[in-house]
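S.K.: Here's a structure for you.
Protein chains: 2
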Amino acid sequence: MEGVDHLAQERSKAQFDVDQMKVIWAGSRHTLEVSDRIARLVASDPVFRKDNRTLLSRKDLFKNTLQKAAHAWKRITELRLSEEEAYWLRHYVDQPAYTDLHWGMFVPAIKGSGTEEQQKKWLPLAYKMQIIGCYAQTELGHGSNVQGLETTATFDPKTDEFVINSPTLTSSKWWPGGLGKAATHAVVYARLITDGQDHGVHGFIVQLRSLDDHLPLPGIIVGDIGMKFGSGAYNSMDNGVLRLDHVRIPREQMLMRVSQVTREGKYVQSNVPRQLLYGTMVYVRQTIVADASSALSRAVCIATRYSAVRRQFGSQDGGLETQVIDYKTQQSRLFPLLASAYAFRFVGEWLKWLYTDVTEKLQANDFSTLPEAHACTAGLKSLTTSATADGIEECRKLCGGHGYLSNSGLPELFAVYVPACTYEGDNIVLLLQVARFLMKTVAQLPSGKKPVGTTTYMGRAQHLIQCRSSAQKAEDWLNPSVILEVFEARAIRMSIACAQDLSKFSNQEEGFAELSSNLAEAAVAHCQLIVVSKFIDKVQQDIPGKGVKKQLEILCNIYALYTIHKHLGDFLSTGSITAKQASLANDQLRSLYSQLRPNAIALVDAFNFTDHYLGSILGRYDGNVYPSLYAEAWKDPLNESVVPDGYREYVQPLLKNQLRNARL
Amino acid sequence: MEGVDHLAQERSKAQFDVDQMKVIWAGSRHTLEVSDRIARLVASDPVFRKDNRTLLSRKDLFKNTLQKAAHAWKRITELRLSEEEAYWLRHYVDQPAYTDLHWGMFVPAIKGSGTEEQQKKWLPLAYKMQIIGCYAQTELGHGSNVQGLETTATFDPKTDEFVINSPTLTSSKWWPGGLGKAATHAVVYARLITDGQDHGVHGFIVQLRSLDDHLPLPGIIVGDIGMKFGSGAYNSMDNGVLRLDHVRIPREQMLMRVSQVTREGKYVQSNVPRQLLYGTMVYVRQTIVADASSALSRAVCIATRYSAVRRQFGSQDGGLETQVIDYKTQQSRLFPLLASAYAFRFVGEWLKWLYTDVTEKLQANDFSTLPEAHACTAGLKSLTTSATADGIEECRKLCGGHGYLSNSGLPELFAVYVPACTYEGDNIVLLLQVARFLMKTVAQLPSGKKPVGTTTYMGRAQHLIQCRSSAQKAEDWLNPSVILEVFEARAIRMSIACAQDLSKFSNQEEGFAELSSNLAEAAVAHCQLIVVSKFIDKVQQDIPGKGVKKQLEILCNIYALYTIHKHLGDFLSTGSITAKQASLANDQLRSLYSQLRPNAIALVDAFNFTDHYLGSILGRYDGNVYPSLYAEAWKDPLNESVVPDGYREYVQPLLKNQLRNARL
Ligand SMILES: Cc1cc2nc3c(=O)[nH]c(=O)nc-3n(C[C@H](O)[C@H](O)[C@H](O)COP(=O)(O)OP(=O)(O)OC[C@H]3O[C@@H](n4cnc5c(N)ncnc54)[C@H](O)[C@@H]3O)c2cc1C
Ligand SMILES: Cc1cc2nc3c(=O)[nH]c(=O)nc-3n(C[C@H](O)[C@H](O)[C@H](O)COP(=O)(O)OP(=O)(O)OC[C@H]3O[C@@H](n4cnc5c(N)ncnc54)[C@H](O)[C@@H]3O)c2cc1C
Ligand SMILES: [Ca+2]
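Given below as structure tokens:
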């Protein structure tokens, strides 16, 4: 069986240029080349193997993670990899590690909130990993509400120091990744207090451990918070607990880009606008959207390939059974997820652009688009991570029983992914922020203030609240402007309905609280419109490669029509479409599934995953699933002996009936 | 803090008699008393502790499971527990074990398919656990399609034996619980072949291991299939692989209740009707529905208690923040799940009755209601397990970051629960079976044949396809007949629409395949109607206890109106309700959430869980969450040393910059 491509026939059915699609997926030929090269490098390095990860004890797993992180750094330095290459290397190592927080949160926090001197002092240390940093914001009793943090940083003018303290148990820092065992430093968020006055939460660079022997410094209690979801998964990360007992740091270690404490202990704002801090948030959330598409595409790749391998029912006269991918129920669950992976990919690409745009505008002191950009990234973070978490689990179910095996890769992918719905802003809390912004935008419509960016459509409220969709036959649902209009109509009608309901409350805050569930739904509608419209924008660009554009059109339409079907209640109750039109859309959707079917395997091949990175027997490139499952089973430690450990004590006495007297 | 009830104030708010609700939940005062007594017995026994389970290696976990199973059996015999008490004891030990399959599948298979002699021979052995049995149906390449199994059982008239054989790799038995390490015997499903003729799949009792030393018998290769989802969770089970190389068993070990092979090798049907076998299926699925309610209620109990402990935002002047349970978004996610737990409880209770009813009718040779009962249990299995799996994960998200910790109990509950969506019938495959039955029922309507049982409403098709809901104000949505009618209207209209679409196909099978996704949705609508109607039936009974009935009415209405909201597209597109009515229903739903709020904690207290069984720090009865989380963290093996294992090899060289030369 070795070397045979069991999916070759599937691959031969593809109606488009897979190589060109790889370029589209990667973003550019250059990125494809770099990421592909680094993926192979990682895959071929035995230190980076991960197929036995779910069997490691917590301590061994953590040690393995330290080893991988050090080895990654070694390879990065030995091979003199560029920043881009180093990013891909860490990505393909595919094991959460303290380095994620070091590079992903600690460094950006200093870049975003540190003064130039501070950056000059700390960034080189961080870049060379002479210190290991983490991001310590959340506390045992306080998460979403950052303003409620209890840790204090009290300025002591006598010594020109801050005294950082955890006054209560609930003020213990809790969750920061890398904090538990690896980090030597942290950006600690604490309430700044000068002269008895509380100035709210600010960031401080605090050294936690000695650089000589890694022992915690005086006044510091630090440790790991314990096991998390799943085996392997995020347990490679040392999410930590930290208590600070009047720990003193020099005044210079408050991050002072936007506000400062002077030598005399005066609290002053710098001339750098606060809003600059939002830039970092846009940046971080944009990476989360990119990660969503990456995680979802892995799950979809596994489920798609396995669905072509797996056969069940429908055999005539002892012949081959039907591939489960040919069942319409399977398609109607799987293909929308495939479409979503592409949709999130492109909206992530657009967010990257948005970040650049916002940064440029900020540098020009133009804050006009910031609230919109902020709402938009918050909403897209929420939408894409929720859909991805659900999507991974659906892919697992699509694999039937075998999806429940660790070596399908799906359980660990799910376990490692789901906290994305919670960190960097709980998804519901984020939707409510978006809703607040939408209500503000609606309220300003009468003033003639033009909504910007992704809310531009709200400027056409007059038209959108009374228009009727022109869709009259199934094919009309392939028309981008027909699709866009119904998404716009639904979104604005939901927002306006909320605004009207809100206006009936004398107390707006009470109204917002009471209607928050509807408001969150309006926010979802708005975000889905963004995803659809960015996908349409993408498809309307020049796209080279035989048949590539056609496939993207199919995927885009599937994403849109599936969303209509899933949220049909919204579309119908707002009168954005009629029941008849919904039924036509559904017919069209079925037909799109059939069009996609022959291209399904090639569309997941375009993700260009190595078997190493995918980490799934069910998702093997060559489809040679069964011998591989069989061989893998025997490696489980339980199979080290035929008669299990414990037999003599706990099974034999039972069988020998040495525990008699049952009334049964 | 010890001994303080942090939820006392919540408990004092309850507007109903919690003790009476416990009786309702348990099913009877007797069951409450027995289950409560046994729960405490298990909780107080150190052998049954499970708080360190997720830290055990696979081998230690399995050994621990063997120990618990033996200890359970010891207690059962020592204390001379009744069958009922023994059931509860195994239930509260709460760790998947080979005994689940022994009692839950092996014994019922013999009872259901064995002749009287066979039962007389094998059941006493099984009852005394002198043998350990498992249920070996699924193969590596064959699951849902049982008729496609490859294992063969060829009759050899020379020796009066069957030769059981695994002809291919894909015919390896794969998944059976208990098979890997514990079972001495299996009911093996194999294609019966006599005289070269294939009679399809039948069950055979096969001894796998020696009763002396537990070694596999000649021709038998048996082992564990490896790690599954999560840590702890279902990894305590030895789901196994089995290959049979021409293994010979006496002819008497074919399960011969409905068909037999004679000494001469003739295949004959007994006079016992085949349909009897369905009785077992109804039985097993009824237990799965009961388990769904049990698993969901655990998750809901954890999320509800923690939502009352957790505070976030809304603090005025440094006072206490708002309990997150007071946020309407939190309520709109949590309370429908609380309502679902109760709904599934009562529909499970009803299924138990149905099983008795079916059994009685079968004994009287009345098969008339069997197809309906079969469809109904298939559908309810699918509906309740899918909703429970999703619901557990939603409860985890409702706990924010802390829900991601193993000791919240939610990750393991999810991991151990989700395969219920797959085993005993893949949930989608089951829905399609229901849909087939619905299409048959619709097709027979013109003939005047009266639909029975849960399809009785279909007899009123004429009325239901054209009626308009009378709901005119929000309160109308509290009226059971208003609710029932819209659920009936939606269900039958979806079925009839499918039937009409089907009729356009010349080939019915092709039509069914093409429309299968719509058909599955129609099946869901039918099943939701069943749940709603059984809840309404329950609430309309005499219910003693102050305020208890009122609470059940609130829960029933929440379940119904939430379902309408979630599936609004169905209700609107079928014209079962109008957009205006939907909006009124939603208003009513919000008001129901407010009514439920003060009773939330008491409603989960009514599940009567011990802290041991619940296994969650976030769900502790006393709400004393934070000190407990803090104390627990330090027990993680990673915290055995302050400086982690691996520091010297993998961290120090990095910090000391001994891996230089980065281009970064
Ligand atoms: C794997 C992981 C890694 C992490 N890494 C870090 C890190 O490196 N550094 C760090 O500082 N932190 C980290 N965190 C913490 C993370 O940022 C918080 O968990 C997150 O912000 C959510 O806050 P919470 O846990 O307090 O949830 P909560 O806010 O307590 O949420 C509980 C429930 O309350 C609801 N809720 C809360 N507020 C409202 C509201 N106003 N309206 C309506 N509903 C509301 C939520 O929707 C949720 O359902 C990490 C967490 C995890 C799980
Ligand atoms: C934890 C666990 C314990 C188990 N215990 C046992 C046991 O003790 N004994 C035993 O014999 N077995 C056991 N099983 C096996 C279990 O019964 C099967 O996994 C189950 O029947 C599903 O079959 P499958 O895995 O072949 O899924 P598949 O049928 O391969 O499903 C894959 C996908 O195909 C779809 N599909 C399949 N057929 C159709 C169709 N006709 N139309 C549309 N879609 C279709 C499914 O919906 C699913 O999305 C266990 C499994 C698990 C996970
Ligand atoms: Ca483990």
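Listed in order, the protein sequences are those of chains Z and C.
The first sequence runs 1 to 664 under full-length UniProt numbering.
The second sequence runs 1 to 664 under full-length UniProt numbering.
Note that beta-carbon positions come from the ideal geometry of N, C-alpha and C, so glycine has one too.
Since the model is a prediction, treat every value here as computed from it, not as a measurement.
1) Under 8 angstroms: do the region 419-428 of chain C and the region 278-294 of chain C share three or more Cβ pairs, one atom per stretch?
2) With 16 other CB atoms within 10 Å as the buried threshold, where does residue 86 of chain C fall?
3) At the level of alpha carbons, what is the spacing between residue 43 of chain C and residue 397 of chain Z?
4) Using a C-beta cutoff of 8 angstroms, does residue 622 of chain Z count as contacting chain C?
5) To test your reading of the DSSP string, which unbroken alpha helix (DSSP H) runs of 4 or more residues are found completely within the region 476-538 of chain C?
6) In chain order, what residues of the region 224-238 of chain C put their CB closer than 7 angstroms to some CB of chain Z?
7) Can you give the beta carbon distance from residue 185 of chain C to residue 219 of chain C, rounded, assuming they're within the 8 angstroms contact cut?
8) Once the 5 residues before and after residue 377 of chain C are set aside, which same chain residues still bring their CB inside 6 angstroms of it?
9) So, for residue 516 of chain Z: in the same chain, excluding its five sequence neighbours on each side, which residues have a beta-carbon less than 8 angstroms away from its beta-carbon?
10) What separation, rounded to the nearest whole angstrom, lies between the Cα atoms of residue 127 of chain Z and residue 330 of chain C?
11) Nearest to residue 310 of chain Z by CA position, among C:270, C:294, C:144 and C:352, is which residue?
12) Counting beta carbon pairs with one atom in the region 228-247 of chain C and one in the region 62-72 of chain C, are three or more of them shorter than 8 angstroms?
13) Does the region 525-537 of chain Z come within contact of the region 1-12 of chain Z, defined as at least 3 CB pairs closer than 8 angstroms?
14) Just verifying my parser: in three-state terms, what is the DSSP assignment at residue 224 of chain Z?
15) Along chain Z, in chain order, which residues have C-beta atoms closer than 8 angstroms to that of residue 184 of chain C?
16) Please report how far the alpha carbon of residue 345 of chain Z lies from the alpha carbon of residue 294 of chain Z, in whole angstroms.
17) Hey, is residue 663 of chain C's beta-carbon within less than 8 angstroms of any beta-carbon in chain Z?
18) Whole angstroms is fine: what's the gap from residue 586 of chain Z's alpha carbon to residue 455 of chain Z's?
19) Compute the Euclidean distance between the alpha carbons of residue 439 of chain C and residue 157 of chain C, then round it to the nearest angstrom.
20) Which runs of the alpha helix (DSSP H) fall wholly inside the region 183-270 of chain Z and span at least 4 residues, in chain order?
21) Hey, residue 356 of chain C and residue 112 of chain C: beta-carbon distance below 8 angstroms or not?
22) Under the three-state reduction of DSSP, which class applies to residue 597 of chain C: helix, strand or coil?
23) Please name the residue, chosen from C:469, C:365, C:78 and C:270, that lies closest to residue 574 of chain C on a Cα-to-Cα basis.
24) For residue 421 of chain Z, go through chain C and note every residue whose CB falls closer than 8 angstroms to its CB, in chain order.
25) Applying the 10 Å Cβ sphere with the 16-neighbour rule, what's the burial state of residue 663 of chain C?
26) Helix, strand or coil: which one does DSSP assign to residue 590 of chain C?
27) Pairing CB atoms from the region 550-565 of chain C with CB atoms from the region 14-21 of chain C, are three or more of them under 8 angstroms?
28) Terminal residues of the continuous beta strand (DSSP E) containing residue 154 of chain C?
29) Between which two residues does the alpha helix (DSSP H) carrying residue 348 of chain Z extend?
30) Measuring only between beta-carbons, confirm whether residue 281 of chain Z sits less than 8 angstroms from chain C.
31) With H, G and I counted as helix, E and B as strand and the rest as coil, what does DSSP make of residue 420 of chain Z?
32) Give the straight-line distance between the Cα atoms of residue 458 of chain Z and residue 451 of chain Z, rounded to the nearest whole angstrom.
33) Less than 8 angstroms between the CB atoms is what I'm expecting for residue 334 of chain C and residue 303 of chain C, so what's the real figure, rounded?
34) Would you report the Cα separation of residue 11 of chain C and residue 418 of chain C, rounded to the nearest angstrom?
35) Using the Cα positions of residue 496 of chain Z and residue 320 of chain C, report the straight-line distance between them to the nearest angstrom.
36) I think residue 241 of chain Z touches residue 631 of chain C, with their Cβ atoms under 8 angstroms apart; what is that distance to the nearest whole Å?
M.R.: Taking the coordinates as given:
1) yes
2) buried
3) 34 angstroms
4) no
5) 480-503 and 508-514
6) Against chain Z - using a Cβ distance shorter than 7 angstroms - the residues of the region 224-238 of chain C are 224, 225, 226, 227, 228, 229, 230, 231 and 238.
7) The pair is not a contact, with the Cβ atoms about 15 angstroms apart (cut-off 8 angstroms).
8) Within the same chain, and ignoring the five residues on either side of residue 377 of chain C in sequence, the residues whose Cβ sits closer than 6 angstroms to its Cβ are 282 and 285.
9) 432 and 435
10) 42 angstroms
11) The option with the nearest alpha carbon to residue 310 of chain Z is C:144.
12) The region 62-72 of chain C, when compared against the region 228-247 of chain C, does touch it at the 8 angstroms Cβ threshold.
13) no
14) strand
15) The contacting residues are 655.
16) Rounded to the nearest angstrom, the two C-alpha atoms are 8 angstroms apart.
17) Confidence at residue 663 of chain C is low in this model, with a pLDDT of 38, below 50, so its placement is unreliable and the value that follows should be read with caution. Yes - at least one Cβ of chain Z is within 8 angstroms of the one on residue 663 of chain C.
18) 28 angstroms
19) 45 angstroms
20) none
21) no
22) Here residue 597 of chain C carries a helix assignment [DSSP, helix/strand/coil].
23) C:469
24) 397
25) Its pLDDT being 38, under 50, residue 663 of chain C is placed unreliably in this model, and the value from its coordinates should be taken loosely. With fewer than 16 other Cβ atoms within 10 Å, it is exposed.
26) helix
27) yes
28) 152-156
29) 328-363
30) no
31) helix
32) 6 angstroms
33) 6 angstroms
34) 32 angstroms
35) Straight-line Cα distance between these residues: approximately 34 angstroms.
36) The pair is not a contact, with the Cβ atoms about 11 angstroms apart (cut-off 8 angstroms).
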